[in-house]
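Asker: Below is one structure. I have some questions about it.
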Amino acid sequence: MADIRQSQRVNAYFQKEDSYAGVGKGSTSPGALSHIGLLDTFDPRMLDHQYAAVSTLGYSVAPHILKGATKVTVPLKIGCWGDGWKTLLGRCIGQSTIAGAVHPAHLRSDIQTVAIVAEEELASTWQGSLASGIAFNKAELELDFTTNAPATINFDATAYYVVDEATAGTRTAARTFAGDFIAANYSAQTLPSEPSTDPILPNDVTVQFCTGALSKGITVTHSTGTNYFEIGERYIIFKEGTGAVVGTDIPATDDDSIVANGIIDLSHANALTVNLLAGLDDSGWTGWAIAAAGGGGSGEKTANLQKGIYKVGSTAYAPSTADMIDWPYIKTAKLTVDNQHIALPGVASSVTDSSIKKVLEYADVARGESVITLEITSTAKDETFYDQMVAGTAIPLVRLDFGTNGSIALTNGRIMTRTAGYTAGAEVAETVTMQFYGAGDYTNYSKYAISGDF
């Protein structure tokens, strides 16, 4: 057999980092590795030293080519298989711990990174690579309902730095990464097993939306005008004006759906509908009250409340839709989370020898202003989306429902572009691109432009 590099000899695993490049810098101890999913496109060693040629008179070519800041990018495209995609996409959105559970409840302002350990089987030995501080600048979740190929996520990712295990050897020894600019020893970690479930297919995902004015929902009252509440895809959180979650004013002991003081799980059987939610304040609550809006007997699902942040004042109204509609004749869908990261170049020191310095393009990274878009192509049915675009009204709620694998809610989407050209003898295909901005009237409600429950 020809001795060449082969993609079937490559695998990769990841670990969450507690801080930026925590594994490589030594602040996050090497721990259990997670399976990354279906690895479609990957390169853990894409370094660009950003050389610059320096010209001068008297020379035929530039006599000096000087090294700039080392820039590490990590092309990564995966199929949604197992739970790895949920963690990676979740950290692109921003994971929050709510009532002891981790969810991408809303966009966050911090950078949440992972370290990736890659391994490659050579002719008779193994080679390992460690990339630390992998930050997800952009993620594109794509569904192709025409082929029913697995759902994929294409990440635009950068890294603090990457190193190889210098001494090729056994598979275990190839994960040592000692004595280099970044270092971590994964030789004692057991590699994760493959997921036991099948990859997620587009047919496993339902895309739903609603249009029109919202007249139902909930009203929330409190005597203190500075208090507010946040509604996400999974939880409603009641807060004081200081930003702290309220305490025993809404006690967890009052109902099983109140999973922690001031936090209600909207997926719990006792809070699935607006009526049920409104009935939770019958006893045990202090100062807070919830009522169903839009008439008595309102039984719409609390999951269909618009995601956002609402200030109580005296009374706050959070709208909802009674019904979500399946997107008709859908062909493809692409959800994009673009965080527009800001690179912060700087001089960094080796974790094993502080006298060794490198200029790194991503010595640190800051999160920019996120842009959340959804592009859907379908067979054109009617003028619904054209009318929405012409009127300039927002689509109040769109949901990508992954069944047992969770869901993603997108709130208040403006149709930025819409095309539906005619071609002789062919169906009319309509492509709609929406940008989402969240709902509410207080503080940074836009962080709920996207809210996940997975």
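When you line the sequence shown up against the numbering used here, it's residues 8 to 461, in that order.
The beta-carbon is built from N, C-alpha and C at its ideal position, and this holds for glycine as well.
These numbers were taken from a predicted model, which means no experiment stands behind them.
Is it buried or exposed for residue 155, if we count other Cβ within 10 angstroms and need 16 for buried?
Answerer: Exposed, since its Cβ has fewer than 16 Cβ neighbours within 10 Å.
Asker: Can you tell me whether residue 100 is helix, strand or coil according to DSSP?
Answerer: Here residue 100 sits in helix by DSSP.
Asker: Strictly by DSSP, which residues pair up with residue 134?
Answerer: 127, per the DSSP bridge assignment.
Asker: Quick check on residue 281: does DSSP put it in helix, strand or coil?
Answerer: Three-state result, residue 281: helix.
Asker: Compare the C-alpha of residue 228 against each of 188, 203, 318 and name the closest.
Answerer: Among 188, 203, 318, the Cα nearest to that of residue 228 is on 318.
Asker: With a threshold of 8 Å, are at least 3 pairs of Cβ atoms found where one atom belongs to the region 134-143 and the other to the region 165-172?
Answerer: Touching, yes.
Asker: Can you list, in chain order, the residues of its chain with a C-beta nearer than 6 Å to that of residue 8? Leave out the 5 residues immediately preceding and following it.
Answerer: Bear in mind that the predicted position of residue 8 carries a pLDDT of just 47, short of 50, making it unreliable; the figure below should be weighed with that in mind. The answer is none, since no qualifying residue turns up.
Asker: Around the Cβ of residue 68, are there at least 16 other Cβ atoms within 10 angstroms (buried) or fewer (exposed)?
Answerer: Exposed, because fewer than 16 other Cβ atoms sit within 10 Å of the Cβ of residue 68.
Asker: When the Cα atoms are used, what is the spatial distance from residue 382 to residue 429?
Answerer: Spanning the two alpha carbons is a distance of roughly 19 Å.
Asker: Kindly indicate the opening and closing residues of the beta strand (DSSP E) around residue 213.
Answerer: That run of the beta strand (DSSP E) goes 213-217.
Asker: Using only the alpha-carbon positions, how far apart do residue 76 and residue 63 sit?
Answerer: Rounded to the nearest angstrom, the two C-alpha atoms are 22 Å apart.
Asker: Evaluate residue 126 with the Cβ neighbour count: other Cβ atoms within 10 Å of its Cβ, from every protein chain shown; 16 or more gives buried, anything less gives exposed.
Answerer: Classification of residue 126: buried, given that the 10 Å Cβ count is 16 or more.
Asker: I believe residue 189 touches residue 23 by the beta-carbon criterion, under 8 Å. Please report the beta-carbon distance rounded to the nearest angstrom.
Answerer: Incorrect: roughly 16 Å between the Cβ atoms, too far for contact.
Asker: May I ask you to verify whether the region 206-213 touches the region 403-415, counting CB pairs closer than 8 Å and requiring at least 3?
Answerer: They touch, by the three-pair rule.
Asker: So what does residue 424 bridge to, in DSSP terms?
Answerer: For residue 424, which the question treats as bridged, DSSP gives the partners 440.
Asker: The alpha helix (DSSP H) with residue 395 in it runs from where to where?
Answerer: 391-398 is the extent of the alpha helix (DSSP H) around residue 395.
Asker: Nearest CA to the CA of residue 107: which residue from 267, 120, 372, 207?
Answerer: For residue 107, the nearest C-alpha among the options comes from 267.
Asker: What are the uninterrupted segments assigned as beta strand (DSSP E) that are 3 or more residues long and contained completely in the region 301-378, given in chain order?
Answerer: Those beta strand (DSSP E) runs which fall completely within the region 301-378 and span 3+ residues are 315-318, 322-327, 337-345, 349-356, 364-373.
Asker: Residue 86 lies in the alpha helix (DSSP H); which residues open and close that run?
Answerer: Looking at the DSSP string, residue 86 is not in any alpha helix (DSSP H); the run it does join, the beta strand (DSSP E), is 78-86.
Asker: Looking at the unbroken alpha helix (DSSP H) that takes in residue 31, where does it start and where does it end?
Answerer: 29-32 is the span of the alpha helix (DSSP H), which, as asked, contains residue 31.
Asker: Could you tell me the boundaries of the beta strand (DSSP E) in which residue 237 lies?
Answerer: Per DSSP, residue 237 belongs to the beta strand (DSSP E) from 235-238.
Asker: Beta-carbon separation of residue 458 and residue 112 under 8 Å?
Answerer: Yes, they are a contact pair.
Asker: Quickly, what does DSSP pair residue 223 with across the bridge? List them, please.
Answerer: For residue 223, which the question treats as bridged, DSSP gives the partners 327.
Asker: Is the number of C-beta pairs between the region 347-367 and the region 90-109 that are closer than 8 Å three or more?
Answerer: Output reads no: the region 90-109 does not touch the region 347-367.
Asker: Are there three or more Cβ pairs, one per stretch, closer than 8 Å when the region 82-91 is compared with the region 156-166?
Answerer: Yes: the two stretches touch, three or more of their Cβ pairs being nearer than 8 Å.
Asker: Out of curiosity, what's the CA-to-CA distance linking residue 422 and residue 391?
Answerer: When rounded, the distance between both Cα atoms is 11 Å.
Asker: Is the CB-CB distance between residue 225 and residue 284 below 8 Å?
Answerer: Yes, they are a contact pair.
Asker: With H, G and I counted as helix, E and B as strand and the rest as coil, what does DSSP make of residue 8?
Answerer: At residue 8 the pLDDT is 47, less than 50, meaning the model places this residue with poor confidence; the figure from the coordinates comes in the next sentence. DSSP places residue 8 in coil when its eight states are reduced to three.
Asker: Where does residue 386 sit, in a helix, a strand or coil, going by DSSP?
Answerer: Note: residue 386 maps to strand in three-state DSSP.
Asker: At the level of alpha carbons, what is the spacing between residue 310 and residue 245?
Answerer: Approximately 17 Å, taken between the alpha carbons.
Asker: Just the Cα atoms here: how many angstroms apart are residue 398 and residue 150?
Answerer: So the two alpha carbons sit approximately 29 Å from each other.
Asker: Residue 202 and residue 41 - do their beta-carbons sit closer together than 8 Å?
Answerer: Cβ distance not < 8 Å, so residue 41 and residue 202 don't count as in contact.
Asker: In the DSSP assignment, find the unbroken beta strand (DSSP E) run with residue 155 in it and report its ends.
Answerer: From DSSP, residue 155 is part of no beta strand (DSSP E); its letter is neither H nor E.
Asker: Which one or two residues does DSSP pair with residue 24 in a beta bridge?
Answerer: In the DSSP output, where bridge partners are listed per residue, residue 24 has none listed.
Asker: Decide if residue 142 is buried, meaning its Cβ has at least 16 other Cβ atoms within 10 Å, or exposed.
Answerer: Flag for residue 142 reads buried.
Asker: Helix, strand or coil, according to DSSP, for residue 287 in the structure here?
Answerer: Residue state, collapsed to three classes: helix.
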